[in-house]
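Accompanying notes for the structure given below.
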Amino acid sequence: MAPILSRQAPLLASAASLAIAALALTGCAAGSQPGSTTSTEAEHDHEDGHEHEHAATESSGPQPRLALTYDGGIMVVDANSLEVMADLPIDGFNRLSPGGDNRNVFVSTTGGWAVLDAGTYTQPHGDHTHLYVSEPVLSDVVASAETPGHVVHHDGQTALFDDGTGEVTIFATATLEEQVDAGSITPTASYESADAHHGVAVPLADGQLFVTVGNESDRNGAQVVDPDGNVIAESDECPGIHGETTVGDDLVLAGCEDGVLLSHGDHFHKIDAPDDFGRTGNAFAADDSTVVLGDYKTDPEGGIDLTQIALIDTVDESINVVDTGSHYTWHGLARGEDGEALVFGTDGTLRVFDPESGELVNEIAVTDEWTVPDEWQTSHPAIVQDRGYVYISDPNTSTMYVVDYLGGEVTETAQLPHEVNELALASGQLAED
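If you read the sequence shown in my numbering, its first letter stands for residue 5, the second for the next number, and so on.
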């Protein structure tokens, strides 16, 4: 195994070679849903003295924005008003990952990860903060990768996993914006897996790293390595390892085809699924909850059409499999403000489950019925939660819905100009990690 290496060389590819170009904004008005704000025009300098490239507008309240991919581009939508703030062309099938700073979004595209500035952010100023919005920009700074894969944030660090090479690139999450402004992303450390594979890495405290083990045809476990690449702990008891989430400061959970794997830093635990084949491939943690929501699949040939969820108790180390009452895909899973398990089904209904008991708490009719596609890349509904509201995209009608999942009602809808696929949210608030 190659060690984690300190490095200073910038990780950069020219976006000109990727044919990335931004269109002009369609508008920049403050919204009224879920919460209204007012704004005043202001120029803003970063705390480090680096002036932002374009004017910012100060806001009196949070201004979350949604990034949504479509065939040929990315839209940035004001999450309050559902107004399209920018329509940015970019070729290919592009995936989205939050940047970890609640402002930027990584776009997995040809040549690496492009950085989309959603144009909403908070700046600390002594004992208070200021909130700003600005023009969304698809930067020409691209973190190079042969096959850009998972993006993970933990312990103040971001790890980018290149599936094509097995290389992991690590940098301080809070520095992303200033690095983009400077024109390149400079890693603080890197790690090279023994073999390239569809993997994931999680930065841990003291420079340690959780990283999956596999090759092009097989993935069966994970390791925790120290800053010199020495193996601290390892497990080969996780066939088909995929996806990850973190619980608290040091617990990493990864999905397996027969349960889940827990890493406590210096040792691993396996939680077996109640079925011989019980695959969790995507996992969702929530603040102040020791229960993780996972998708759950019992048919190896079943595609992405699922009917059950896994509620994984990381303290009792048990898995509660719950029937959702509908069909869904991983696009339709999220966690609520108080850890609720949120599932959007093919019957057009958003269901809210208690994560501890698995009890159905609420169900809200949102859209018409839809069908799970045969290919995961095909557009189908996706959801994301923020401040007690669930945002649901319906590519069948090019409609975005805002749902008050506690109150049990749809509060806002808007017709979008494109058929949406991937969905990510930039809250604009200070990142805790």
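Backbone N, C-alpha and C fix where the C-beta goes; we use that ideal spot for every residue, glycine too. Just so you know, these numbers come straight off a predicted model, no measurement behind them.
Gln381 carries a coil assignment under DSSP once its states are collapsed to helix, strand and coil.
Here Asp166 is bridged, per DSSP, to Pro152.
In the same chain as Leu72, and ignoring 5 residues on each side of it, the C-beta atoms closer than 6 Å to its own belong to Met79, Val424, Leu427, in chain order.
Each of Val251, Leu346, Asp327, Ser64 was checked against the Cα of His335, and the nearest Cα belongs to Leu346. About 15 Å separates the beta carbon of Thr353 from that of His384, a gap too long to meet the 8 Å contact definition.
With respect to Met404, Leu420 sits close: the two C-beta atoms are nearer than 8 Å. Linking Val137 to Gly298 through their CA atoms gives a straight-line distance of about 34 Å. Straight through space, the alpha carbons of Arg99 and Val119 are spaced by roughly 12 Å. The three-state reading of DSSP puts Trp334 in helix, counting H, G and I together.
For Gly329, the secondary structure class from DSSP, reduced to helix, strand or coil, is strand. The three-state reading of DSSP puts Val184 in helix, counting H, G and I together. Scanning the segment 88-143 for uninterrupted beta strand (DSSP E) segments of 3 residues or longer gives 88-93, 99-102, 108-113, 116-121, 124-129, 132-138, listed from N- to C-terminal end.
Taking all protein chains in view, the Cβ of Val235 is surrounded by fewer than 16 other Cβ atoms within 10 Å, so the residue is classified as exposed. Assignment of Asp210 by DSSP, reduced to helix, strand and coil, places it in the helix class. The segment 228-281 contains, as complete beta strand (DSSP E) runs of 3+ residues, the segments 235-239, 246-251, 255-260, 262-267, 272-276 (chain order). The three-state secondary structure of Ala345, taken from DSSP, is strand.
In summary, Ser221 is exposed, with fewer than 16 beta-carbon neighbours lying within 10 Å of its beta-carbon over all protein chains present. The segment 87-96 and the segment 145-157 do not touch, with fewer than three beta-carbon pairs separated by less than 8 Å. In the structure shown, Ala430 adopts extended strand secondary structure according to DSSP, grouped into three states.
Using a Cβ-Cβ distance cut-off of 8 Å, the segment 207-215 and the segment 150-164 are in contact, since at least three pairs of beta carbons, one from each stretch, lie closer than that value. Fully contained in the segment 61-88 is no alpha helix (DSSP H) run of length 4 or more.
Ranked by how close their Cα comes to the Cα of Asp254, the residues Gly103, Glu238, His271 have His271 in first place. In this structure, Pro152 sits away from Ile174, with a CB-CB distance that is not shorter than 8 Å. Judged by DSSP secondary structure, Arg355 falls within the beta strand (DSSP E) whose first and last residues are 353-357. With contacts defined by Cβ atoms closer than 8 Å, Gly104 and Ala386 do not form a contacting pair.
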